[in-house]
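Taking it in order: structure first as structure tokens, then the write-up.
In my numbering, the protein residues as written are 56 to 167.
This is the structure in structure tokens:
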């Protein structure tokens with residue numbers, strides 16, 4: 056459905072810009088938006104690399120083990136089929152902590 060909507064939006068907006076004489080403003084706005092999108096991607100990339108690195112460091116230290124122990128009762132309730140000493144608890148806890156910190160995009164690739 057979106058493969059139809061986006062080209063339709065583009066064609067309609069370019070058509071209105073041509074007929075209203077605002078093609079120059081449309082062109083300027085396209086380049087400004089592209090510049091803003093690239094700046095945002097670079098900023099987010101740096102931020103995600105920083106926090107993903109911090110989560111990797113936390114995963115290799117005792118801090119993550121403490122957090123895992125705090126979350127273990129909840130994890131045992133949510134995942135009753137896992138063994139009590141499973142390493143998966145730490146993986147799930149890292150993911151939960153990343154999501155709680157608002158690092159949803161960084162939570163996906165977490166791996167020890």
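Beta carbons are placed, not taken as given, at the ideal position from N, Cα and C, and that holds for glycine. On a predicted model such as this, the values are computed, not experimentally measured, just so you know.
Collapsing the DSSP output to three states places residue 116 in coil. Spatial neighbours of residue 102 in its own chain (CB-CB distance under 7 Å, excluding positions within 5 residues in sequence) are not present. Taken atom to atom, the span from the alpha-carbon of residue 81 to that of residue 155 is near 40 Å. With 16 or more other Cβ atoms from the protein chains shown falling within 10 Å of its own Cβ, residue 123 counts as buried. Note on geometry: alpha-carbon atoms of residue 111 and residue 129 lie some 22 Å from one another. By the Cβ test, the region 78-97 is not in contact with the region 124-143, since fewer than three Cβ pairs between them sit closer than 8 Å.
The straight-line gap separating the alpha-carbon atoms of residue 96 and residue 158 is approximately 15 Å.
The Cβ-Cβ distance between residue 72 and residue 78 falls below 8 Å.
Apart from sequence neighbours up to five positions away, no residue of its chain approaches residue 135 with a beta-carbon distance below 8 Å.
Counting other Cβ atoms within 10 Å of its Cβ, residue 93 stays below 16 and is therefore classed as exposed.
A residue is called buried once 16 or more other Cβ atoms fall within 10 Å of its Cβ, and residue 141, having fewer, is exposed.
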